[in-house]
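To convert, count from 1 in the sequence shown and add 5; that's the numbering used here. Ideal Cβ positions, reconstructed from N, Cα and C, are used throughout, including at glycine. What follows is a short report on a single structure.
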Amino acid sequence: MHDKIPPSVSAKQIDLLYKGLPPALFASTLIPIIFLVFLQDFPEPKSLLTWAGLMLLGIILRALTAIHYQKTKQSDSFKIKQAETLFIAGVALGAMTWGSLSWWIYPLTDNQSTHFLFFISLLGVASGSIASLAYRRITANLFIILILAPMLIRMFRTHEKSDIAIGSIIIIYILYLLKNVRFFQENNEKVLLLEEKALAREEKLKIASKKAEAANLAKSRFLANMSHEIRTPMNSIIGQTRLAIDEGHDPKIQFHLNIIKNSSENLLSLINDILDFSKIEAGELKIDNKPFDLHIAIQLIIETVRVLAGDRKGLQLAYNIASDVPQAVIGDKQRLRQVLLNLLNNGIKFTDKGCIDLSVTCLETMADSLWLQFEVRDTGIGIAFEKQEIIFDEFAQEDDSSTKQYGGTGLGLAICKQLCQLMGGDITVTSTPTEGSTFTCPIPFLPCQMSDLPAEPNQDKKRQTQNCHLSLLLVEDNEANRILTRMVLEGEKHQLVEAHDGLQALTILSKQTFDAVLMDVQMPVMDGYTATQMIRLAEQGKPIPEVDKQLAEKLGDHLYACHTPIIAMTANAMSGDKEKCLAAGMDDYLAKPFHPGELAEIFSSMSLKSSLKK
Ligand code: ADP
Numbered sequence: 006m007h008d009k010i011p012p013s014v015s016a017k018q019i020d021l022l023y024k025g026l027p028p029a030l031f032a033s034t035l036i037p038i039i040f041l042v043f044l045q046d047f048p049e050p051k052s053l054l055t056w057a058g059l060m061l062l063g064i065i066l067r068a069l070t071a072i073h074y075q076k077t078k079q080s081d082s083f084k085i086k087q088a089e090t091l092f093i094a095g096v097a098l099g100a101m102t103w104g105s106l107s108w109w110i111y112p113l114t115d116n117q118s119t120h121f122l123f124f125i126s127l128l129g130v131a132s133g134s135i136a137s138l139a140y141r142r143i144t145a146n147l148f149i150i151l152i153l154a155p156m157l158i159r160m161f162r163t164h165e166k167s168d169i170a171i172g173s174i175i176i177i178y179i180l181y182l183l184k185n186v187r188f189f190q191e192n193n194e195k196v197l198l199l200e201e202k203a204l205a206r207e208e209k210l211k212i213a214s215k216k217a218e219a220a221n222l223a224k225s226r227f228l229a230n231m232s233h234e235i236r237t238p239m240n241s242i243i244g245q246t247r248l249a250i251d252e253g254h255d256p257k258i259q260f261h262l263n264i265i266k267n268s269s270e271n272l273l274s275l276i277n278d279i280l281d282f283s284k285i286e287a288g289e290l291k292i293d294n295k296p297f298d299l300h301i302a303i304q305l306i307i308e309t310v311r312v313l314a315g316d317r318k319g320l321q322l323a324y325n326i327a328s329d330v331p332q333a334v335i336g337d338k339q340r341l342r343q344v345l346l347n348l349l350n351n352g353i354k355f356t357d358k359g360c361i362d363l364s365v366t367c368l369e370t371m372a373d374s375l376w377l378q379f380e381v382r383d384t385g386i387g388i389a390f391e392k393q394e395i396i397f398d399e400f401a402q403e404d405d406s407s408t409k410q411y412g413g414t415g416l417g418l419a420i421c422k423q424l425c426q427l428m429g430g431d432i433t434v435t436s437t438p439t440e441g442s443t444f445t446c447p448i449p450f451l452p453c454q455m456s457d458l459p460a461e462p463n464q465d466k467k468r469q470t471q472n473c474h475l476s477l478l479l480v481e482d483n484e485a486n487r488i489l490t491r492m493v494l495e496g497e498k499h500q501l502v503e504a505h506d507g508l509q510a511l512t513i514l515s516k517q518t519f520d521a522v523l524m525d526v527q528m529p530v531m532d533g534y535t536a537t538q539m540i541r542l543a544e545q546g547k548p549i550p551e552v553d554k555q556l557a558e559k560l561g562d563h564l565y566a567c568h569t570p571i572i573a574m575t576a577n578a579m580s581g582d583k584e585k586c587l588a589a590g591m592d593d594y595l596a597k598p599f600h601p602g603e604l605a606e607i608f609s610s611m612s613l614k615s616s617l618k619k
């Protein structure tokens, strides 16, 4: 067995042998001391003293080998074989000194109790060696035999019956000890081998987990890039189509344009779903709890789907908020909206006649928690009982014909479930085929006061901002997006100056003042983050490192002690992108493709100079 064991296990055995040495040496020191103290009337005290001295010398030598081992075991010059040989030599030396007790000291006295004392000491030391020496069978066997063999021979040489009996018992004892050594060593070897395997497995797991983390990171990066690349042209497609619909008169062209608009909006919602799902999978999607007006949020959600339900499909859409549901709550309004919109849209999609109904009830109110239950009921096609669990799995649909007839990817409910769980709640469904379905989401919120709600944008100011004409600097490298933003903003009668990258924007800003800057993030020459940081440094009168001296001076002169609002307009829509923009010094963030209304809302919520002046 010994030959087959790997070197690492062998090294561990040697290490355990050396570790067991201090207690063994301590016991070996105590026994000769007891002899010297209690055998005062020993006939030849000098011999006993010499034996004890030899014992002590052996103990010191073995202690030195242990110290040497501890010192060298981490060094490059350390050789395991050498450590093993040294240990075995020490063991042989110690055992021979013990063995000499029966050969040399034992015959010097006739005292039976002294004989018994020697006898029992030798047996005790031999049997005690199993625990400290049996990690290597040869070591323990050598020790036991060298200690007990001299006593055995002595007993058989006297030819006295009682001595032969003792000798026979010693043989049985030796055989028993050798068997136990074997048992101990084999078991210990198994444990060490298992430990070795467990360590190797752990190491493999660590490597695999590192690889998985790296792959996940690569996936997130790929998603972020893909999202950016797809959103950039989508912005232009959706925006231009909207403009064309607003401006056009030909009903046939309007019909085609509406199809393009709906399809691109569907495509965008699919991209958003995939992105959301990946964010949840990567643990990147965070819940953002803030005070909000739940009643208004529900009304707005209903307004969003009313056109789809009523005008397009002729369905009734109703909602009911129980009287004990508070108006002000703390929760993630956007994620709640996402879940409810998904459920309502599904209800509308899978219902051909009848009604869709959203109800909000209060399950439990306590001082520090508030459980609300949202129920979306429809009178649609329903879901077969056995499919009611799997529809919450990603990419799962009730059956393939569903995809053909109603479209969809099967991601919506998987995202809803994850979002409900992230908010601390859950989602379940009950449904009867051909009669309809009810999706139920119990979700915890925190109660708060109406006074905790953020102030709604001042309507007068909003109107004022909408009516005023802002001077804006658009920093955007993509031509199609520049054209689109220009058309949207000029349609609102704002004045627009364009820059193709961050550096060009800085040059313009060193000469001209704007009400706000619309800043793309990923651009050649100088990106939006750097440009924003340079603007903020200039405003604070600090040195501007990234540009030449002349431009830095001009920027400083022009921008010092001002604050130009900067709105990020970017296709980077992964988690953390908004925070990155704000950390770079931007004031707000708009993900592409944007809706013209969203931009107007940002303008109205910001204290833009023009709106204050007017
Ligand atoms: P998608 O609607 O994009 O396919 P979802 O995850 O939202 O993905 O829904 C998964 C499946 O669950 C749907 O394809 C449909 O089979 C079933 N389903 C969801 N909501 C309803 C509903 N209100 N009525 C009937 N079936 C539904």
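Where does the unbroken beta strand (DSSP E) through leucine 560 begin, and where does it stop?
Unbroken run through leucine 560 is the alpha helix (DSSP H), 554–564; no beta strand (DSSP E).
Just curious, the beta strand (DSSP E) that valine 334 is in, first and last residue?
Residues 333–336.
Could you have a look at glycine 635 and say whether DSSP puts it in helix, strand or coil?
Since the displayed the chain opens at 6 and closes at 619, residue 635 lies outside it and no answer follows.
Since leucine 377 sits in a beta bridge, which residues does DSSP pair it with?
DSSP output for leucine 377 lists Cys367 and Ile448 as bridge partner(s).
Taking alanine 333 and leucine 322 to be in contact with their CB atoms under 8 Å, please state how far apart those CB atoms are, rounded to whole angstroms.
Your pair alanine 333 and leucine 322 does not check out as a contact, with CB atoms roughly 25 Å apart and the cut at 8 Å.
Check whether the region 105–118 touches the region 164–180, taking contact to mean three or more Cβ pairs, one atom from each stretch, closer than 8 Å.
No, the region 105–118 is not in contact with the region 164–180.
Do proline 601 and isoleucine 243 have their CB atoms nearer than 7 Å?
Cβ distance not < 7 Å, so proline 601 and isoleucine 243 don't count as in contact.
For ligand 1, is there any heavy atom lying closer than 6 Å to the beta carbon of glycine 359?
Glycine 359: no, Cβ never under 6 Å from ligand 1.
Beta-carbon proximity list for leucine 66, same chain, < 8 Å, skipping 5 on both sides
Only Gly95 and Leu98 meet the Cβ criterion.
Using three-state DSSP, classify methionine 60 as helix, strand or coil.
Three-state result, methionine 60: helix.
When every heavy atom of ligand 3 is checked, does at least one fall within less than 6 Å of the C-beta of serine 283?
Summarising the ligand content, the structure contains ligand 1 and does not contain ligand 3.
Ignore the nearest five residues each way along the sequence and tell me which others in lysine 618's own chain have a CB closer than 6 Å to its CB.
At lysine 618 the pLDDT is 38, less than 50, meaning the model places this residue with poor confidence; the figure from the coordinates comes in the next sentence. Answer for lysine 618: no residue qualifies.
Less than 7 Å between the beta carbons of phenylalanine 444 and lysine 422, yes or no?
No, they are not a contact pair.
Distance CB(leucine 478)-CB(valine 502) smaller than 7 Å:
For leucine 478 and valine 502, yes; Cβs fall inside 7 Å.
Which listed residue (Val530, Ser232, Pro50 and His261) has its alpha carbon closest to that of serine 274
Nearest C-alpha to serine 274: Ser232.
Looking at leucine 418 and ligand 1, is the gap between the Cβ and the nearest heavy atom below 6 Å?
Yes, Cβ of leucine 418 sits closer than 6 Å to a heavy atom of ligand 1.
Do you know whose CA, among Leu197, Thr144 and Thr246, lies nearest phenylalanine 92's CA?
Out of Leu197, Thr144 and Thr246, the CA that lies nearest to the CA of phenylalanine 92 is found in Thr144.
Which listed residue (Leu128, Asp81 and Gly172) has its alpha carbon closest to that of isoleucine 688
Outside the shown range of the chain, which is 6 to 619, sits residue 688, and nothing can be said about it.
If we call anything under 7 Å between Cβ atoms a contact, is aspartate 383 one with serine 442?
The answer is yes: Cβ separation under 7 Å.
So for alanine 589, helix, strand or coil by DSSP?
Note: alanine 589 maps to coil in three-state DSSP.
Applying the criterion that 16 or more other CB atoms from any shown protein chain within 10 Å of the CB defines a buried residue, is lysine 184 buried or exposed?
Residue environment analysis places lysine 184 among the exposed positions, since fewer than 16 neighbouring C-beta atoms fall within 10 angstroms of its C-beta.
Given a cut-off of 7 Å, decide if alanine 71 and leucine 26 are closer than it, judged by their beta-carbon atoms.
A contact, by the Cβ cut-off of 7 Å.
Going along the chain, which residues of its own chain have a beta-carbon closer than 8 Å to the beta-carbon of glycine 133, five neighbours each way excluded?
Only residues of its own chain outside the window of five on either side were considered, and among them Ala29 and Ala32 have a CB closer than 8 Å to the CB of glycine 133, listed in chain order.
Rounded separation between alanine 16 and leucine 22 - CA only:
Rounded to the nearest angstrom, the two C-alpha atoms are 10 Å apart.
Nearest to isoleucine 307 by alpha carbon, out of Leu290, Glu286, His254 and Leu348?
In terms of Cα proximity to isoleucine 307, the closest of Leu290, Glu286, His254 and Leu348 is Leu348.
Looking at serine 515: is its Cβ nearer than 7 Å to the Cβ of histidine 568?
Their beta carbons are not under 7 Å apart, which means serine 515 does not touch histidine 568 by this criterion.
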